[in-house]
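Colleague:
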Amino acid sequence: MLARVRSAAVLGIDAYLVDVETDIANGLPSFATVGLPQGAVKEGRERVYAAVANTGYTFPLKRITVNLAPADIRKEGSAFDLPIAVGILAATEQISGERLGRVVVLGELGLEGAIRPVRGALPVALAARAAGLETLVLPRENLAEAGVVSGIRVLGAANLAELGDFLDGRVELAAADVDVTRLFQDRQRDDVDFAEVKGQAHAKRALEVAAAGGHNILMVGPPGSGKTMLARRLPTILPQMSLDEALETTKIHSVAGTLPLGESLVARRPFRAPHHTISDAGLIGGGSYPRPGEVSLAHGGVLFLDELPEFRKNVLEVLRQPMEDGVVTIARAAMSLSYPARFMLAAAMNPCPCGYFGDPQHNCSCGTLGVERYLARVSGPLLDRIDIHLEVPAVKYRALAEQGGGEPSDAVRERVDRARLVQRERFAKRPGVYANAHMAPRDIRACCRVSDGADALLRTAITRLGLSARAYHRILKIARTIADLDGAAELAPKHVSEAIQYRSLDRRGGVGRTVTPEGVR
Numbered sequence: 001m002l003a004r005v006r007s008a009a010v011l012g013i014d015a016y017l018v019d020v021e022t023d024i025a026n027g028l029p030s031f032a033t034v035g036l037p038q039g040a041v042k043e044g045r046e047r048v049y050a051a052v053a054n055t056g057y058t059f060p061l062k063r064i065t066v067n068l069a070p071a072d073i074r075k076e077g078s079a080f081d082l083p084i085a086v087g088i089l090a091a092t093e094q095i096s097g098e099r100l101g102r103v104v105v106l107g108e109l110g111l112e113g114a115i116r117p118v119r120g121a122l123p124v125a126l127a128a129r130a131a132g133l134e135t136l137v138l139p140r141e142n143l144a145e146a147g148v149v150s151g152i153r154v155l156g157a158a159n160l161a162e163l164g165d166f167l168d169g170r171v172e173l174a175a176a177d178v179d180v181t182r183l184f185q186d187r188q189r190d191d192v193d194f195a196e197v198k199g200q201a202h203a204k205r206a207l208e209v210a211a212a213g214g215h216n217i218l219m220v221g222p223p224g225s226g227k228t229m230l231a232r233r234l235p236t237i238l239p240q241m242s243l244d245e246a247l248e249t250t251k252i253h254s255v256a257g258t259l260p261l262g263e264s265l266v267a268r269r270p271f272r273a274p275h276h277t278i279s280d281a282g283l284i285g286g287g288s289y290p291r292p293g294e295v296s297l298a299h300g301g302v303l304f305l306d307e308l309p310e311f312r313k314n315v316l317e318v319l320r321q322p323m324e325d326g327v328v329t330i331a332r333a334a335m336s337l338s339y340p341a342r343f344m345l346a347a348a349m350n351p352c353p354c355g356y357f358g359d360p361q362h363n364c365s366c367g368t369l370g371v372e373r374y375l376a377r378v379s380g381p382l383l384d385r386i387d388i389h390l391e392v393p394a395v396k397y398r399a400l401a402e403q404g405g406g407e408p409s410d411a412v413r414e415r416v417d418r419a420r421l422v423q424r425e426r427f428a429k430r431p432g433v434y435a436n437a438h439m440a441p442r443d444i445r446a447c448c449r450v451s452d453g454a455d456a457l458l459r460t461a462i463t464r465l466g467l468s469a470r471a472y473h474r475i476l477k478i479a480r481t482i483a484d485l486d487g488a489a490e491l492a493p494k495h496v497s498e499a500i501q502y503r504s505l506d507r508r509g510g511v512g513r514t515v516t517p518e519g520v521r
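Residue numbers for the sequence shown follow the numbering used here, so the first one is 1 and each next one is one higher.
1. Taking the alpha helix (DSSP H) that Thr481 falls in, what are its first and last residues?
2. What is the DSSP secondary structure of His215, reduced to helix, strand or coil?
3. For Asn159, which option in Leu109, Thr481, Leu383 has the closest C-alpha, if you only look at C-alpha atoms?
4. Would you mind sorting Val515 into buried or exposed? The rule is 16 or more other CB atoms within 10 Å of its CB.
5. Apart from the five residues on each side of it in sequence, which residues of its chain come closer than 7 Å, Cβ to Cβ, to Ser296?
6. By the three-class DSSP mapping on this structure, what secondary structure does Ile88 have?
7. Give me, in chain order, the residues of the same chain whose beta-carbon lies closer than 7 Å to that of Arg508; leave out the 5 immediate sequence neighbours on both sides.
8. Pick out the complete alpha helix (DSSP H) segments inside the segment 216-297, 4 residues or longer, and give them in chain order.
9. Please report the distance separating the alpha-carbon of Cys364 from that of Arg187.
10. Please return the same chain residues whose Cβ sits closer than 6 Å to the Cβ of Leu238, not counting the five positions on each side in sequence.
11. Alpha carbon to alpha carbon, what distance is there between Arg153 and Asp410?
12. Hey, how far is the Cα of Ala256 from the Cα of Leu457?
13. Pull up the distance between the alpha-carbon of Arg377 and that of Lys313, whole angstroms please.
14. Could you tell me which residues DSSP pairs with Asn142 in its beta bridges?
15. Taking 8 Å as the cut-off, decide whether the C-beta atoms of Lys198 and Val395 are in contact.
16. Under 8 Å between the Cβ atoms of Thr250 and Leu122?
17. Which word fits Pro223, buried or exposed, when buried means at least 16 other C-beta atoms lie within 10 angstroms of its C-beta?
18. Please list the terminal residues of the continuous beta strand (DSSP E) segment that includes Ile64.
19. I'd like the span of the beta strand (DSSP E) that includes Ala15, first residue to last.
20. Name the DSSP beta bridge partners of Asn159, please?
21. Cα separation between Val10 and Ser336?
22. DSSP puts Val391 in a beta bridge; with which residues?
23. DSSP state of Thr33, grouped into three classes?
24. In this structure, how does DSSP classify Phe166 when only helix, strand and coil are distinguished?
25. Spatial neighbours of Ser242 within its chain, please: C-beta separation below 6 Å, excluding the five flanking residues on both sides.
26. By Cβ distance below 6 Å, which residues in the same chain neighbour Pro517 in space, the five residues on each side in sequence not counted?
27. Check for me: the alpha helix (DSSP H) holding Arg6 runs from which residue to which?
28. In the DSSP assignment, the alpha helix (DSSP H) including Leu345 goes from what residue to what residue?
29. Can you name, in chain order, every residue of its own chain whose Cβ lies under 8 Å from the Cβ of Ala144, other than the five neighbours on each side?
30. CB-CB under 7 Å to Phe271, same chain, minus the five flanking residues each way: which ones, in chain order?
31. Give the single residue among Asp193, Gly147, Glu98, Val103 whose Cα lies nearest to the Cα of Glu407.
32. What does the Cβ neighbour count give for Asp72, buried or exposed, with the cut at 16 atoms within 10 Å?
33. Is the segment 51-60 touching the segment 90-98 in the sense that three or more CB pairs, one from each, lie closer than 8 Å?
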């Protein structure tokens, strides 16, 4: 007796179809699963046995062989419990197998027969639709997530008995009913707003420039100056996500298991803020069976690293490749997986261990050597990949006592959207480049035309401040973004001087030197 049930598994952030073939033959009772099953898949036979028996069906005391095809790809997770149980029941003719050729089935089984939620419901729904299948049956808790995919009927089952009755044609299962357009609009509302930030006009301007060009940013300032508050509001001024971006981001969170039950779509720019004790695998992704890390969970949004020098050096260094390429590749002996990781890095740090170096209101107790050692914890190559270095001073009482709010996020986002529209048109023929921060050297030469006055200012600043070649390119990128916000085609001295101000950690004279359109002071 042979039965075949269509199921699916996740590889990276995409899913592929799996044929669960069940053969039941006479012989000594045994239960073998083949097709490179791992961990939870092997343990599934105990859950399947208990679920079938406790649901009222008869578990066959024969030689059972389950093959998961394609057999050359490792299978991991508990989602094969349900298709294996259905295959056994269909092979023993306890349920009808007529519908199985058009249905994809996945879910974890409890010992009493309940169907429990699984990871990766959204990519599975997309894969089933691409294969031309009619119906996807999964746990009811995953209905909202998979229901955002149009063109396929998504049904939810509560337990094995209910699914058996459905396959026999006695009942109908609950169907997903998701208004994607309305859901997308509702989920885009932000919980925080730029208007809540008191003072810090210079810092808010720098964040606007960073958002307009997709630039990474490092904020340096004493404790309590508002660095974290500013960073948490950075996603509110980024362009709103498109539906395609939301689906790609949701796939990552679904595979990682970070999508809350009942949630169906990540429609707001992600904001991830891992603790400084995180490992390199937690940040980049990995494990014996690789999972997405924080850089992938922040895809399309903001990765915030607070107290940057407190992160272990090896953890910070692994950031360099995804910051450049926008993708993370995790290589293992049996497989190589790639996860998208196009994020904006927002980092914050104190200027010294005590936090008060250069603060006029407090005395720094660290000494020159202590300050230098503290700053040296962040390597030069990593700093070079952060476009904007921003000084964030302590907020004065007058700003804190103001009754009126600042400019709201929506108003800032309008200017950011206009600048991003200019950049999309500029890079329309350059795949993978959609913001100034992603320009290659040839793009900089083509797009960053500098006026005579700006060129003289830039030459003076590079000579006197000792900036590197990479810093020179970063300044041009930032100046291009500032000019886009102004609606200017050519880089003027005011654009270049403001851009140089955002490279404070590159200056030989230390923090606090000033660059104006007239020169360096």
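Yeah, the Cβ is synthetic: ideal placement off N, Cα and C, and Gly gets one too.
Modeller: Answer, in terms of the structure:
1. Taking the first residue of the sequence shown as position 1, residue 481 is located at position 481. Residues 469-486.
2. Your numbering for residue 215 matches position 215 in the sequence shown. Coil, per DSSP.
3. Within the sequence shown, numbered from 1, the residue matching residue 159 stands at position 159. Looking only at Leu109, Thr481, Leu383, the smallest Cα-Cα distance to Asn159 is reached by Leu109.
4. Translated into positions along the sequence shown, residue 515 becomes position 515. Residue confidence is low: Val515 scores 42 on pLDDT, short of 50, so the model does not pin down where it sits. No coordinate-derived value is stated.
5. Counting from 1 along the sequence shown, the entry for residue 296 is found at position 296. In chain order, Ile252, Gly285, Val328, Tyr339, Pro340, Ala341 place their CB closer than 7 Å to the CB of Ser296, counting only its own chain and leaving out the 5 sequence neighbours on each side.
6. Start at 1 with the first residue of the sequence shown, and residue 88 comes out as number 88. It is helical.
7. Looking up residue 508 in the sequence shown gives position 508. Caution is warranted here: a pLDDT of 42 is assigned to Arg508, below 50, making its placement in the model unreliable, and no coordinate value can be reported.
8. Taking only runs of at least 4 residues, the alpha helix (DSSP H) segments lying wholly in the segment 216-297 are 227-232, 243-256, 280-284, 294-297.
9. As a first step, residue 364 must be located in the sequence shown, where it is residue number 364. As a first step, residue 187 must be located in the sequence shown, where it is residue number 187. Here the alpha carbon of Cys364 sits roughly 45 Å from the alpha carbon of Arg187.
10. In the sequence shown, the residue the question calls residue 238 occupies position 238. Once the five neighbours on either side are set aside, the close Cβ partners of Leu238 are Ala211, Arg269.
11. As a first step, residue 410 must be located in the sequence shown, where it is residue number 410. As a first step, residue 153 must be located in the sequence shown, where it is residue number 153. If you take the alpha carbons of Asp410 and Arg153, they lie about 37 Å apart.
12. Residue mapping note: residue 256 aligns to position 256 of the sequence shown, counting from 1. Residue mapping note: residue 457 aligns to position 457 of the sequence shown, counting from 1. Taking the straight line joining both Cα atoms gives about 48 Å.
13. For the purposes of this step, residue 377 is taken as residue 377 along the sequence shown, with counting starting at 1. For the purposes of this step, residue 313 is taken as residue 313 along the sequence shown, with counting starting at 1. Between the alpha carbons of Arg377 and Lys313 lies a gap of roughly 7 Å.
14. The sequence position of residue 142 within the sequence shown is 142, counting from 1. Under DSSP, Asn142 shares a beta bridge with no residue.
15. In the sequence shown, residue 198 corresponds to position 198, counting from 1. In the sequence shown, residue 395 corresponds to position 395, counting from 1. Remark: C-beta atoms of Lys198 and Val395 approach each other more closely than 8 Å.
16. Taking the sequence shown and counting its residues from 1, the one referred to as residue 250 is at position 250. Taking the sequence shown and counting its residues from 1, the one referred to as residue 122 is at position 122. The Cβ-Cβ distance between Thr250 and Leu122 falls below 8 Å.
17. For the purposes of this step, residue 223 is taken as residue 223 along the sequence shown, with counting starting at 1. Under the 10 Å beta carbon count, Pro223 is surrounded by fewer than 16 other beta carbons and is classified as exposed.
18. Walking along the sequence shown from the start, residue 64 turns up at place 64. Start and end: 63-69.
19. Translated into the one-based positions of the sequence shown, residue 15 becomes position 15. Counting along the chain, the beta strand (DSSP E) containing Ala15 begins and ends at 14-25.
20. Against the sequence shown, residue 159 aligns to sequence position 159. Answer is Ala114, bridged to Asn159.
21. Start at 1 with the first residue of the sequence shown, and residue 10 comes out as number 10. Start at 1 with the first residue of the sequence shown, and residue 336 comes out as number 336. In a straight line, the C-alpha of Val10 is about 14 Å away from that of Ser336.
22. Here residue 391 is taken as the residue at index 391 of the sequence shown, counted from 1. Here the sequence assigns Glu to residue 391, which means Val is not the residue at that position. Answer by DSSP bridge pairing, in chain order: Val220.
23. Residue 33 sits at position 33 when you count from the first residue of the sequence shown. If DSSP states are grouped into helix, strand and coil, Thr33 belongs with the strands.
24. Translated into positions along the sequence shown, residue 166 becomes position 166. Helix, per DSSP.
25. For the purposes of this step, residue 242 is identified with residue 242 of the sequence shown, where counting begins at 1. If we look at Ser242 and ignore the five residues flanking it on each side, it has no Cβ neighbours.
26. As a working mapping, residue 517 is identified with position 517 in the sequence shown. Any reading at Pro517 is ruled out, since the residue's pLDDT is 47, under 50, leaving its predicted position unreliable.
27. Your numbering for residue 6 matches position 6 in the sequence shown. Counting along the chain, no alpha helix (DSSP H) covers Arg6; the unbroken beta strand (DSSP E) around it starts and ends at 2-11.
28. As a first step, residue 345 is located in the sequence shown; it is residue number 345 there, counting from the start. Note, Leu345: premise wrong, no alpha helix (DSSP H); beta strand (DSSP E) at 344-349.
29. Against the sequence shown, residue 144 aligns to sequence position 144. If we look at Ala144 and ignore the five residues flanking it on each side, its Cβ neighbours are Ala176, Val178, Gly262, Glu263, Ser264.
30. Along the sequence shown, read from residue 1 onward, the residue named residue 271 stands at position 271. Closer than 7 Å at the Cβ level, and outside the excluded window around Phe271, lie Arg232, Pro235, Gly301, Val302, Phe304.
31. If you number the sequence shown from 1, residue 407 lands on position 407. Comparing alpha carbon positions, the residue from Asp193, Gly147, Glu98, Val103 closest to Glu407 is Asp193.
32. Your numbering for residue 72 matches position 72 in the sequence shown. Around the beta carbon of Asp72, a 10 Å sphere encloses fewer than 16 other beta carbons of the protein chains shown; the residue is thus reported as exposed.
33. Taking a contact to require three or more Cβ pairs closer than 8 Å, the segment 90-98 and the segment 51-60 qualify as touching.
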